[in-house]
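Enquirer: My structure is below; once you've seen it, I'll send some questions.
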Amino acid sequence: MIIRKLHILFFCFVGTIANGQNNAVISNKKPVIDTTVKSKGILGGRLSTGLENSLDQFKQESADWKKESRAFIEEMGIKDIGVKARIATRKIKKKLVAKDEYVNIKTDRRLGQYGSGNRSTVEEINVVKFVEDESLSTYAQEIWWFDPNQSRIVNSSIKDNKTAQICHGPFKKIVNNVIIEQGFFFMGTKDGRWETFGPENELENKVYYVRGFLAGSNITYHDDAKKKIKQVVPNFYGKTRGNYLSFYLSGNLKEDGKLDDSVRIGRWREFYEFGAGGRLKKEWRYGKDKFDSSEPILMVERDSQGKIIYQNNQKFD
């Protein structure tokens, strides 16, 4: 009897448990959702992409870097570096495009015109703007100036010529619409690179000058300060070729002539330092080129008063 009661109780207990499980399986209630996943990261924070807060972090680091850079630049004494750079660039450009000066001396433009037909010539000239800026070298043997009466540049004597305008700056000579010569002047003397061209605009010659003398010339001086020139030996592309000059201590010309590979050629002249009737002392005639071995011929000799002592009347080819 007791055993039967125990069996009945057992089956009732089992039935109750089974019924509870069925109710759990068929329940329509939604499970509670863990809303902390987004804040924790994927899988409750156990797996992270590293991008959750990257944008904000990047912005903060960028701002910190800019502050540190600005502080460093100011510490170095540099302010408004971008603005200063732009201003400096504008100043440089403005200086480069300045066309009214050469070697820091103000200039004016002139236009020379002469000739006609195929020989119609135009000269683009720059001259010293202010007379007080004119400073001519006592050693220069050629002074180029613009003659408004002839409307062209000349290198004749400038003494007592009130209309002479000293060439200074860029120069171009154009014949029949073709540039045939161009270069620069410095206070009437040729300076820098000079070029001559043929009728087809082909380069024929190129020579470099420094204040009237061939670039590279061997110049010696009377004084240690190198203000008083004693002698100028020309150098043309490594050879002693061109105009030779020597001077007295006073600056007056002592001797001049041409050299061809160190050989005297053509006309050579000797001068007195001072002379009431002109300073020419002697004039010699040498061979035509360095291959001409003929002896030099004295053409004329004068005393310090300008009186002719000797003159050769022989005719030469």
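For the sequence shown, our numbering gives the first residue as 320, with consecutive numbering after it. Cβ atoms here follow ideal geometry from the backbone N, Cα and C, with glycine treated the same way. The structure presented is a predicted model; accordingly, all values stated were derived computationally and were not measured.
Terminal residues of the continuous beta strand (DSSP E) containing residue 535?
Expert: Per DSSP, residue 535 belongs to no beta strand (DSSP E) and is neither H nor E.
Enquirer: Can you tell me the Cβ-Cβ gap for residue 498 and residue 491, rounded? I've got them flagged as a contact below 8 angstroms.
Expert: Rounded, the Cβ-Cβ distance is 6 angstroms, consistent with contact.
Enquirer: Which same chain residues end up closer than 7 angstroms to residue 622 when comparing Cβ atoms and leaving out the 5 residues on each side of it in sequence?
Expert: Excluding positions up to five away in sequence, the list reads 628.
Enquirer: Going by the beta-carbon positions, is the gap between residue 551 and residue 537 smaller than 9 angstroms?
Expert: Going by C-beta atoms, residue 551 is nearer than 9 angstroms to residue 537.
Enquirer: According to DSSP, is residue 501 helix, strand or coil?
Expert: Reduced to three states, the DSSP call for residue 501 is strand.
Enquirer: Would you mind reading off the limits of the beta strand (DSSP E) that contains residue 573?
Expert: It spans 572-579 - the beta strand (DSSP E) in which residue 573 sits, taken as one unbroken run.
Enquirer: By DSSP, does residue 517 sit in helix, in strand, or in coil?
Expert: Residue 517: coil per DSSP, three-state reduction.
Enquirer: Since residue 426 is in the beta strand (DSSP E), which residue starts that stretch and which ends it?
Expert: Start and end: 424-433.
Enquirer: Starting from residue 565, trace the beta strand (DSSP E) in both directions and tell me its first and last residue.
Expert: Note, residue 565: beta strand (DSSP E), 560-566.
Enquirer: Around the Cβ of residue 616, are there at least 16 other Cβ atoms within 10 angstroms (buried) or fewer (exposed)?
Expert: It is exposed - the Cβ of residue 616 has fewer than 16 other Cβ atoms within 10 Å.
Enquirer: Quick one, are the C-beta atoms of residue 566 and residue 549 less than 9 angstroms apart?
Expert: Yes, they are a contact pair.
Enquirer: Excluding the 5 residues flanking residue 433 on each side, which residues of the same chain have their C-beta closer than 6 angstroms to its C-beta?
Expert: Excluding positions up to five away in sequence, the list reads 440, 470, 471.
Enquirer: Are at least three pairs of beta-carbons, each pair with one atom in the stretch 515-529 and one in the stretch 448-455, less than 8 angstroms apart?
Expert: The answer is no - the stretch 448-455 does not touch the stretch 515-529, with fewer than three Cβ pairs under 8 angstroms.
Enquirer: Would you say residue 606 and residue 582 are within 9 angstroms of each other, going by their C-beta atoms?
Expert: Result yes, Cβ atoms of residue 606 and residue 582 sit closer than 9 angstroms.
Enquirer: Can residue 487 and residue 507 be called in contact, C-beta distance under 9 angstroms?
Expert: The answer is yes: Cβ separation under 9 angstroms.
Enquirer: Taking DSSP as the reference, what is the three-state secondary structure of residue 550?
Expert: Correct three-state label for residue 550: strand.
Enquirer: Quick one: residues in its chain with C-beta nearer than 8 angstroms to the C-beta of residue 633, no 5 flanking neighbours on either side, listed in chain order?
Expert: Excluding sequence neighbours, residue 633 sits near 616.
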